[in-house]
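Peer 1: Numbering (the numbering used here), first residue to last: 13 to 88.
The beta carbon of each residue, even a glycine, is placed where N, CA and C say it ideally should be.
If you scroll down you'll find the structure; I have some questions about it.
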């Protein structure tokens, strides 16, 4: 749920979307520079409900009786 990614809008404009929960600025250049340098303070971090990893992964991947695959590989 926590991510920093580029997104192409319906208007054809490329945007940098910050879902990290860290206030890093408004422009892509400022966000990427501050993140790369670690230039943020504890008060810039928003401690919300978002998860950085799947805390249910271990139980889901071990559920051999599930009706759906527990994981997929991107290997071709």
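#1: Look at the alpha carbon of residue 31 and the alpha carbon of residue 78, and state the distance between them as a whole number of angstroms.
#2: Counting C-beta neighbours from all protein chains within 10 Å, is the total for residue 36 16 or more, i.e. buried, or is it exposed?
#3: Beta carbon of residue 20, beta carbon of residue 26: below 7 Å?
#4: Kindly indicate which three-state DSSP category residue 32 falls into: helix, strand or coil?
#5: Just confirm the distance between the C-beta atoms of residue 72 and residue 65, as a whole number of angstroms; I'd bet it's less than 8 Å.
Peer 2: Well, looking at it:
#1: 31 Å
#2: buried
#3: yes
#4: coil
#5: That pair is no contact at about 13 Å.
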